[in-house]
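Peer 1: Below you will find the structure I want to go over with you.
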Amino acid sequence: MPKATARHILVETEDKAEELKKKIEEGADFGVIAQEHSKCPSGRNGGDLGEFSKGQMVPEFDEAVFTGELNKVLGPIKTQFGYHLVEVTGRSD
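Numbering (UniProt numbering), first residue to last: 1 to 93.
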């Protein structure tokens, strides 16, 4: 079963997600941005979601994690929870 490790930032609007993505791409630390802005409890840990299997997350999130480029900021990804920025840190079959 495919597994991945990732971290994410959850915010309420697409504009906020775009703003934060730009900051990260300009050199801001993903983990610090997650701690300061993420609405998810994982934000306290720099957005770290640990390891999870394919199918454990909502479909839109799962799709990005299991098809997106590693170690690159993906998103914004819209789910029922809000807008996510995701960084996939590892993947295995």
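We treat Cβ as the ideally placed atom computed from N, Cα and C, and that holds for glycine.
Restricting to Cα atoms, I'd like to know which of D62, T5, A34 is closest to K78.
Peer 2: The residue with the shortest Cα to Cα distance from K78 is D62.
Peer 1: I want to know whether the segment 36 to 44 touches the segment 68 to 75 - three or more CB-CB distances under 8 Å.
Peer 2: No, the segment 36 to 44 is not in contact with the segment 68 to 75.
Peer 1: In the DSSP assignment, what residue or residues form a beta bridge with R44?
Peer 2: None, per the DSSP bridge assignment.
Peer 1: Whole angstroms is fine: what's the gap from Y83's alpha carbon to T89's?
Peer 2: Roughly 19 Å separates the two Cα atoms.
Peer 1: Where A17 and M1 are concerned, what is the direct C-alpha to C-alpha distance, given to the nearest angstrom?
Peer 2: Cα to Cα, A17 sits roughly 30 Å from M1.
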